[in-house]
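Colleague: Starting off with a structure, shown below.
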Amino acid sequence: MESVEEIKQELVIAQQQHELVAIYNFNDDGTFSVGYVIDMDGVFVLTLGIDMEGKINGITAIRLASIHRVDKNTDYLTTVSIRQDVAKQYNFYDIWHVQNYLKKSEFRKNGILATILQECYETKEALVIGTKKYKDRDDFEGYIHELTPIKLTMHYLKFEDLSSLWEYEILWAEVDYLRIKGTQAHMSQAILDRIFRSE
430 MESVEEIKQE LVIAQQQHEL VAIYNFNDDG TFSVGYVIDM DGVFVLTLGI
480 DMEGKINGIT AIRLASIHRV DKNTDYLTTV SIRQDVAKQY NFYDIWHVQN
530 YLKKSEFRKN GILATILQEC YETKEALVIG TKKYKDRDDF EGYIHELTPI
580 KLTMHYLKFE DLSSLWEYEI LWAEVDYLRI KGTQAHMSQA ILDRIFRSE
């Protein structure tokens, strides 16, 4: 297993060289994130996610301390890269307009985690949060109901029971990863809007 410093160095180089990477932060190596490094602070790395069809699939922030491997130049990444070219050629590369969002966003000033949490809280935008406790089993999809400098209260969806929103309190220190502006967040937003915000 690589040290946090070695992983940081790999991510810095990947950002400088605009390399597609696979980031492993789950115990099961069958689960990983693919994308381009956008930014990094002392605690989180921010990536532009690319799905297996070569499309941009939102933005992912991953806690550096939970990353145990970074891959570059693999056959899988070559496949994704070729599919990415096809997605660009046929105009379905950025269906969520993530690149426009990134042009007007600043993550470094207040830190990646604080910036994303504050923005999602203010806009009530749907997001996905993975915690240290549940990261290999489940994540939370919903919106931030309350936010303090130490913790957040999330109103999240249980897709098998839409009778109400569910509530879960998460310490900032327990956040392992966040996903915004991708398919998962947009689908959650649609459910929130149609079922819980139309009343």
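Sequential numbering from 430 applies to the sequence shown in our numbering. C-beta: ideal position from N, C-alpha, C; glycine also. Only a predicted model underlies this, so the values are computations on that prediction, with no experimental measurement involved.
1. Measuring straight from C-alpha to C-alpha, what distance separates Met501 and Ile442?
2. If you count every other CB in all the chains shown that lies within 10 Å of the CB of Tyr469, and 16 or more means buried, which is it?
3. What separation, rounded to the nearest whole angstrom, lies between the Cα atoms of Ala451 and Val463?
4. Exposed or buried, which one is Asn539 when buried takes at least 16 other CB atoms within 10 Å?
5. What first and last residue would you give for the alpha helix (DSSP H) that runs through Arg498?
6. Does DSSP put Ser495 in a helix, a strand or coil?
7. Taking just the CA atoms, how far does Tyr530 sit from Gln446?
8. With DSSP as the reference, label Thr489 as helix, strand or coil.
9. Does the structure place the region 542–561 close enough to the region 574–582 that three or more beta carbon pairs sit under 8 angstroms?
10. Does DSSP classify Ser462 as helix, strand or coil?
11. DSSP beta-bridge partners for His584?
12. Name the two residues that bound the continuous alpha helix (DSSP H) containing Leu506.
13. Using CA atoms only, rank isn't needed, just tell me which of Ala619, Asp504, Asp514 and Thr476 is closest to Ile545.
14. In angstroms with no decimal places, state the Cα-to-Cα distance between Arg492 and Lys564.
15. For the candidate residues Ile558, Gly483, Ala494 and Gly487, whose alpha-carbon lies nearest to that of Tyr522?
16. Give every residue of the same chain whose Cβ lies closer than 8 angstroms to the Cβ of Glu628, excluding the five residues on either side of it in the sequence, and list them in chain order.
17. Enumerate in chain order the residues of its own chain whose CB-to-CB distance from Ile620 is below 7 angstroms, with the five nearest sequence positions on each side excluded.
18. Quick one: grab the DSSP three-state call for Met469.
19. Mind checking whether Leu607 and Ser510 have CB atoms under 8 angstroms apart?
20. If you run the structure through DSSP and keep just helix, strand and coil, what is Asp523?
21. Going by the beta-carbon positions, is the gap between Gly478 and Thr460 smaller than 8 angstroms?
Modeller: In terms of the structure at hand:
1. Contrary to the premise, residue 501 reads as Lys rather than Met in this sequence. Going by the C-alpha atoms only, they are around 11 angstroms apart.
2. Per the sequence presented here, residue 469 reads as Met, with Tyr not at that position. With 16 or more other CB atoms across the displayed protein chains lying within 10 angstroms of its CB, Met469 is buried.
3. Looking at the two C-alpha atoms, the distance is approximately 4 angstroms.
4. exposed
5. Arg498 -> not in any alpha helix (DSSP H); beta strand (DSSP E) instead, spanning Arg498 to Lys501.
6. helix
7. 22 angstroms
8. Strand, per DSSP.
9. yes
10. strand
11. Tyr572 and Glu596
12. Asp504 to Gln518
13. Nearest C-alpha to Ile545: Thr476.
14. One C-alpha to the other measures close to 12 angstroms.
15. Gly483
16. For Glu628, the pLDDT reaches just 46, beneath the cut-off of 50, and the residue's location in the model is therefore unreliable, leaving the point undetermined.
17. Leu586
18. strand
19. no
20. coil
21. no
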